[in-house]
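What follows is a short report on a single structure.
Protein chains: 2
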Amino acid sequence: MKIIIIGGVAGGMSAATRLRRLDETAEIVVFERGPYVSFANCGLPYYVGGVIEDRNSLLLQTPDSLSARFRLDVRVNQEVVRIDRAAKTVQVTDVLDGTTATEGYDVLILAAGATAGQALPGHGIPVRSLRTVDDVDAITSVLDSVGIGARAVVVGAGFIGLEAIENLVTRGVAVTLVQRGPRPLSPLDPEMAGAVLDTLLLHGVDVRVNSTVADVRDGRVHLDDGSVIETDLIVEARGVRPDTDLARSAGLTIGATGGITVDEYQRTNDPSIYAVGDAVEKTDAIDAAATLVTMAGLANRHGRTAADAIAGVADPSVPALGTAIVGLFGLTIAMVGWSETRLAASGRPHRVVHTHPSSHAGYYPGAEQMSMKLLIDSQTDAILGAQIVGGAGVDKRIDVIATAMAGGLTASQLSRLELAYAPQFGSAKDAVNMAGYVADNLATGATRSIQWHELDDATTSGATLVDVRSADEFARGAIPGAINLPLDDIRARIAELPDTPLVVHCQVGQRGHTAARLLTQLGRHVRNLDGGYRTWLAGTA
Amino acid sequence: MKIIIIGGVAGGMSAATRLRRLDETAEIVVFERGPYVSFANCGLPYYVGGVIEDRNSLLLQTPDSLSARFRLDVRVNQEVVRIDRAAKTVQVTDVLDGTTATEGYDVLILAAGATAGQALPGHGIPVRSLRTVDDVDAITSVLDSVGIGARAVVVGAGFIGLEAIENLVTRGVAVTLVQRGPRPLSPLDPEMAGAVLDTLLLHGVDVRVNSTVADVRDGRVHLDDGSVIETDLIVEARGVRPDTDLARSAGLTIGATGGITVDEYQRTNDPSIYAVGDAVEKTDAIDAAATLVTMAGLANRHGRTAADAIAGVADPSVPALGTAIVGLFGLTIAMVGWSETRLAASGRPHRVVHTHPSSHAGYYPGAEQMSMKLLIDSQTDAILGAQIVGGAGVDKRIDVIATAMAGGLTASQLSRLELAYAPQFGSAKDAVNMAGYVADNLATGATRSIQWHELDDATTSGATLVDVRSADEFARGAIPGAINLPLDDIRARIAELPDTPLVVHCQVGQRGHTAARLLTQLGRHVRNLDGGYRTWLAGTA
Ligand SMILES: Cc1cc2nc3c(=O)[nH]c(=O)nc-3n(C[C@H](O)[C@H](O)[C@H](O)COP(=O)(O)OP(=O)(O)OC[C@H]3O[C@@H](n4cnc5c(N)ncnc54)[C@H](O)[C@@H]3O)c2cc1C
Ligand SMILES: Cc1cc2nc3c(=O)[nH]c(=O)nc-3n(C[C@H](O)[C@H](O)[C@H](O)COP(=O)(O)OP(=O)(O)OC[C@H]3O[C@@H](n4cnc5c(N)ncnc54)[C@H](O)[C@@H]3O)c2cc1C
Ligand SMILES: CC(C)(COP(=O)(O)OP(=O)(O)OC[C@H]1O[C@@H](n2cnc3c(N)ncnc32)[C@H](O)[C@@H]1OP(=O)(O)O)[C@@H](O)C(=O)NCCC(=O)NCCS
Ligand SMILES: CC(C)(COP(=O)(O)OP(=O)(O)OC[C@H]1O[C@@H](n2cnc3c(N)ncnc32)[C@H](O)[C@@H]1OP(=O)(O)O)[C@@H](O)C(=O)NCCC(=O)NCCS
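Dropping the structure here:
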């Protein structure tokens, strides 16, 4: 059997190595149009920043090492330009000398990844995306030649845009961020994104939101609002789309998302052709619809799945949660599943929980506060998504929630997880447990909550907003219109509360919950402002 | 309704606060024999070490604060000495003045915790366990009065013993550990415990294994091997047992484990009496038998469960996994479920996986290696337990595995978890995914493995041990009797291998797996030494 693999990095090479482990006799040829295979895409930004010092450490394997260990026939600088499905051949162009050859296959695996699309015309200013070793070589060489005082414009503030910014700043480059939308990292809900913007500003990034590049001329970047930016370099990180040119021209089915359609064994509509990685559609774990998730873990995993299927081992893919994380100057932003914005747009009934827990027990030094948001199916209590922003321990909590989602645990069941607790690692009621408790109180109706963006409507309709924090906290800053009645005084001073529906709130939601329970039992109609003053402040900032 | 709670810390006070949130009218009285309630037991060792500087930060609540917020009637220095179930009363002694009173209840909650049992007679040397604020006050006052050069003997190297040692050393105290068993932290399997011992030795602890204290006389500690230790203080950490004296004398059912028997609503055999925390039996998640798990998370959780049940809300407890973690001079040791030792003793068929993964991508600086062990049901592929020892990221991986166990994921399914990956946080195939891949290969039979303790038998029965590492690695240290045939040379040099069954091994198991797959396909009978040279070395050290 002869297998040809197009694309020699995450998905493609994972398929190749696994296939060899399953089938010593197969002929396996990998075509890669770039000069390198098996490189650490995800490390590229950190090489720009000098955090990863040794360029060689980005190159996890070479054609030689893959030949020696896995008897793979890896051909770099070879671009597959055409697939002939009837003849079961591919046409390959040598990108160095332009020569062309034809190669036959029994089975083909497409792992062409994603593409940044057409670059902005730079008119003299170097323009680069950040996707290949060539890109970082070019970026570092421009910056080296400019030397001290180098300036860069980063277009787009998704995951890779943010990593680019962090590393350019680390390298001493003055960075301007040009961002089409109203805030960086658009998959985050607005009240969770504030810390991202603050962090960028704190690190001296010139942030231009609601802006696009209108033109690059006279050695300057012109934005659509008329402003002009002098720069030595433009880094494009406007997002990517599946690289499907080959698949499309070969008549393979492309889904509405723009990715190649595959079944759970990563097989396309041509039974001899498999496809994996950024180029293909995944099935969304939340709504079972086709979706795009361009993540290394899935590319590796699905490469192995395709190899298994080809070798006759059935190990079907499961729907994708889209867990993702990014570091930004010590701030960690992580998410899984759907955002509130997306749930609201889809009309899916959902509940929201905001908490602001500590990374570990408050009485042990060094605890860092994070902001956590949980999205919950209001009919089934299923976990639909989570977002966490903070410092230490954010990665742990998102992984626990992603695992709970994979295991089908409900939001309330998070409260029962037995998470490892010693004071330097967590809390007796860990952050994830606590979110589960809050979810449980919503599920049982013990406490009703209200979101920061629903507050105005509630007060307009006559609800009284009661701030149950201490008088000191109230004095330091409060929500306009709130009256202050500290939690511990409620029993004594309840008569002071007007006879309207009440919205109670504290700093993070916890005292508000106790206040809500008390007032409910005292016969009042109460809702607790979810996430408290902190979430309200973040949402309305 | 009048509820009396005996014990005012983790389980008891969690029940009290929740009960108040559910029932504003109930009369809730908490009796605590010590002078403090709601203190951070788990922080006590770190106060000894000065890591927690402010003693007040250990006292999370006071009777006053609990009265103000929750209208709880909290009575400290009040020991309940008798329960009269027929009369529904308790008899209470004031530990300061010895006076006694009787108090009636409708519902009683027992949350008396665990006890260290009878203290060693010190004959002039102060002897303390480490369970209360009083204990740490006494310990720090002895150490302060001795000043520089203070010495301590710690008896027992369980979780609290290790924490005591770390903190005494941090404080500058010369520590001798006296440990009955052959190694510290007995719940760890032997090959996982080596790092614990090494860490103790590295920090200057005088470790006496297989020793017990025979006698304390003439101001010296005499061990059973005849050796004599001069010390200023003895800290006892020989383990605890449920504090059930009251329950027992009241005729409540006590299980074979020594803990109070309760149902899933934390109710004892007396429908008016609930019990929670260290004093009660839990149901083991692995075999559904009664077991003891003395952990703060469960005490808090079950306190809430009891309160719910009393208030008429059904929120049954689930079986316990026993997730636990301890830090020791930067080494982190974590576990969940059962050990291999326990599985073997119970005769339960199981598979074992050892890996030595990185805390994050190897190409990004600062990755730390950990050792991970997964215990798997060989019939169902269910995860039965895990042990992880290392530095950064150990806590995250044990929590992910504990969550997977709670969600009923199989070991192979760990490979599919979508864990948050950016290079500073994890790997595209994260440590937990990788253990899942290895488990999958065992489940499907793709690679058969052999454990470090089975190696001698295999070679004695005629198997050849083949070390597939490089010649350099082989030269730096190898398993006696192994022949060296580097992985990349196997295809060319297979004829050199004798015609016997083979056991292959590399450093950690990964190259061994590829070698095993290759040799299997070349017609050989092969097993891969699980965890490679590292695990073998740790097991046979
Ligand atoms: C800068 C950067 C940072 C990232 N950080 C993260 C992260 O932190 N976490 C995460 O999960 N993911 C991250 N990703 C995404 C991750 O790298 C991708 O999801 C993953 O590499 C996709 O694997 P793939 O095999 O589909 O594509 P790729 O790994 O991109 O490989 C596709 C290969 O196919 C080759 N190719 C395409 N067409 C042809 C052709 N016609 N002929 C021959 N060769 C062809 C391309 O040259 C390319 O090398 C990052 C990506 C980048 C670029
Ligand atoms: C030093 C130390 C470190 C620990 N570290 C951790 C850790 O890192 N992680 C973890 O999960 N767990 C840890 N634990 C265990 C954890 O603290 C317990 O599991 C938890 O406190 C048990 O809760 P409980 O309510 O059952 O008992 P406790 O919290 O011990 O409370 C029981 C209370 O009942 C009182 N009492 C007993 N009898 C009577 C009576 N007759 N009348 C009145 N009062 C009575 C006692 O004085 C005591 O204050 C640690 C424990 C200690 C001592
Ligand atoms: C590295 C690469 C070539 C794949 O090689 P690979 O040998 O399949 O993968 P790994 O080196 O991760 O090893 C995984 C294999 O070792 C096995 N293994 C790992 N640790 C083991 C252990 N301790 N014992 C036994 N087996 C082990 C796994 O089971 C797996 O084998 P399987 O697929 O047959 O189950 C490919 O993933 C690649 O090119 N990656 C770089 C690009 C990339 O991923 N970019 C995105 C992230 S930056
Ligand atoms: C602290 C203690 C008194 C319990 O008090 P508590 O008010 O029940 O518990 P917490 O302060 O943890 O708060 C939890 C409550 O706040 C709610 N909550 C937490 N964060 C919230 C938020 N952001 N929004 C809304 N509600 C929130 C939870 O749902 C829970 O309420 P519920 O039980 O009604 O569901 C008790 O656990 C104790 O004495 N602990 C110290 C001893 C100990 O635990 N030792 C071992 C570890 S060192």
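Just so you know, the sequences run in chain order A and B. In terms of this note's numbering, the first sequence opens at residue 64 and continues consecutively. In terms of this note's numbering, the second sequence opens at residue 64 and continues consecutively. C-beta: ideal position from N, C-alpha, C; glycine also. Source: prediction; values computed, not measured.
Review point. Pick from A/R511, A/A182, A/V376: whose alpha carbon is nearest that of A/L82?
Key: Minimum Cα-Cα distance from A/L82 among the listed residues A/R511, A/A182, A/V376 corresponds to A/V376.
Practice item. Give the DSSP-derived three-state secondary structure of A/F94 in the structure shown. Key: Correct three-state label for A/F94: strand.
Check your understanding: If the cut is a Cβ gap below 9 Å, which residues of chain D does B/N363 touch?
Key -> Of the protein chains in this structure, namely A and B, none is chain D.
Point to revise | Contact list for A/E481 against chain B, beta-carbon separation under 8 Å | key: Chain B residues near A/E481: M358, G360, L361, A383, L384, G385, T386, V399, A465, A469.
Exercise for review: Within the same chain, show all residues whose beta-carbon is closer than 7 Å to that of A/A555, passing over the 5 residues directly before and after it, in chain order.
Suggested key: Hits under 7 Å: none found.
Practice item. Tell me whether the beta-carbon of A/R134 lies closer than 8 Å to the beta-carbon of A/V93. Key: Against a cut-off of 8 Å, the Cβ pair of A/V93 and A/R134 comes out as no contact.
Exercise for review: Pull up the distance between the alpha-carbon of A/V607 and that of A/E431, whole angstroms please.
Suggested key: Since the first residue of chain A shown is 64 and the last is 604, residue 607 of chain A is not available in this structure.
Exercise for review: Could you tell me if the beta carbon of B/Y426 falls within a distance shorter than 7 Å of some heavy atom in ligand 2?
Suggested key: No.
Check your understanding: How is the alpha helix (DSSP H) around A/G448 delimited, first residue to last?
Key -> Per DSSP, A/G448 lies in no alpha helix (DSSP H) segment; the continuous beta strand (DSSP E) that holds it begins and ends at 446–453.
Exercise for review: Measure from the alpha carbon of B/E142 to the alpha carbon of each residue in B/V199, B/G185, B/G70, then state which is nearest.
Suggested key: The residue from B/V199, B/G185, B/G70 with its alpha-carbon nearest to that of B/E142 is B/G70.
Point to revise | Selection from B/L193, B/S204, B/A407 that minimises the alpha carbon distance to B/V217 | key: Ranked by how close their Cα comes to the Cα of B/V217, the residues B/L193, B/S204, B/A407 have B/L193 in first place.
Exercise for review: Flag B/Q487 as yes when its Cβ comes closer than 7 Å to any non-hydrogen atom of ligand 3, and as no otherwise.
Suggested key: B/Q487: no, Cβ never under 7 Å from ligand 3.
Practice item. Tell me, please, whether the stretch 221–232 of chain A touches the stretch 282–289 of chain A by the rule of three or more beta-carbon pairs shorter than 8 Å. Key: The stretch 221–232 of chain A and the stretch 282–289 of chain A do not touch, with fewer than 3 CB-CB distances between them shorter than 8 Å.
Practice item. Would you check whether ligand 2 has a heavy atom nearer than 7 Å to the C-beta of A/Y484? Key: Remark: the shortest separation between the CB of A/Y484 and any heavy atom of ligand 2 falls under 7 Å.
Exercise for review: With 8 Å as the threshold, decide whether the Cβ of A/D462 is near any Cβ in chain B.
Suggested key: A/D462 counts as touching chain B.
Check your understanding: Straight-line CA distance for A/V495 to A/S478?
Key -> A/V495 and A/S478: Cα-Cα distance of roughly 7 Å.
Check your understanding: Between A/E87 and ligand 5, is the CB less than 7 Å from at least one heavy atom?
Key -> Ligands present in the displayed structure are limited to ligand 1, ligand 2, ligand 3 and ligand 4, and ligand 5 is not among them.
Point to revise | Secondary structure of A/P305, DSSP reduced to three states | key: Here A/P305 sits in strand by DSSP.
Review point. On the three-state DSSP scale, how would you describe A/A383?
Key: Three-state result, A/A383: strand.
Check your understanding: For chain A, is any of its Cβ atoms less than 8 Å away from the one on B/D350?
Key -> So, not an interface residue.
Check your understanding: Taking 7 Å as the line, does the beta carbon of A/R597 fall inside it for any heavy atom of ligand 4?
Key -> No, the beta carbon of A/R597 sits no closer than 7 Å to any heavy atom of ligand 4.
Exercise for review: Answer with yes or no whether the minimum CB distance from A/D535 to chain B is below 8 Å.
Suggested key: No, A/D535 lies away from the interface with chain B (no Cβ there is under 8 Å from its Cβ).
Check your understanding: Regarding B/L609 and ligand 2, is the C-beta to nearest heavy atom distance less than 7 Å?
Key -> Residue 609 of chain B lies beyond the residue range present for chain B, which begins at 64 and ends at 604; the question has no answer from this structure.
Review point. What residue from B/D160, B/I297, B/I188, B/R280 has the CA that sits closest to B/I228's CA?
Key: Per the Cα distances, B/I297.
Exercise for review: Please list, in chain order, all residues of the same chain as B/V343 whose beta carbon is under 6 Å from its beta carbon, the five residues on each side excluded.
Suggested key: The beta carbon of B/V343 sits closer than 6 Å to the beta carbons of G322, I323, V325 from its chain, once the five residues preceding and following it are set aside; these are given in chain order.
Point to revise | the stretch 583–593 of chain B in contact with the stretch 567–575 of chain B per 3-pair CB rule at 8 Å | key: With contact defined as three or more Cβ pairs closer than 8 Å, the stretch 583–593 of chain B and the stretch 567–575 of chain B are in contact.
Check your understanding: Mind pulling the chain A residues with CB within less than 9 Å of B/Y606?
Key -> Absent from the model: residue 606 of chain B. The displayed extent of chain B is 64 to 604, so no value can be given.
Point to revise | Residue span of the beta strand (DSSP E) that contains A/N363, given as start and end | key: Taken as a continuous stretch (DSSP letters only), A/N363 belongs to no beta strand (DSSP E), being part of the alpha helix (DSSP H) at 359–373.
Practice item. Report yes or no: is there a C-beta of chain B within less than 8 Å of the C-beta of A/P247? Key: By this cut-off, A/P247 is not an interface position.
Exercise for review: Examine ligand 1 and report whether any of its heavy atoms sits within less than 7 Å of the Cβ of A/N591.
Suggested key: Incorrect: A/N591 has no Cβ contact closer than 7 Å to ligand 1.
Point to revise | A/I336 versus B/A362: straight-line alpha-carbon distance, rounded | key: Between the alpha carbons of A/I336 and B/A362 lies a distance of about 55 Å.
**Study point:** Short CB-CB distance (under 8 Å) between B/F94 and chain A
**Key:** Closer than 8 Å: no.
Practice item. Anything in the stretch 426–460 of chain A with a Cβ closer than 8 Å to a Cβ of chain B? List those residues in chain order, please. Key: Those residues of the stretch 426–460 of chain A placed with their C-beta closer than 8 Å to a C-beta in chain B are Y426, Y427, P428, D458, K459, ordered along the chain.
Exercise for review: Answer yes or no: the CB of B/N605 versus the heavy atoms of ligand 2, is any distance below 7 Å?
Suggested key: With chain B represented from 64 up to 604, any question about residue 605 of chain B goes unanswered, as that position is not in the structure.
Exercise for review: Name, please, each residue of chain A whose Cβ falls closer than 7 Å to the Cβ of B/D551.
Suggested key: Per Cβ cutoff of 7 Å: A131, R132.
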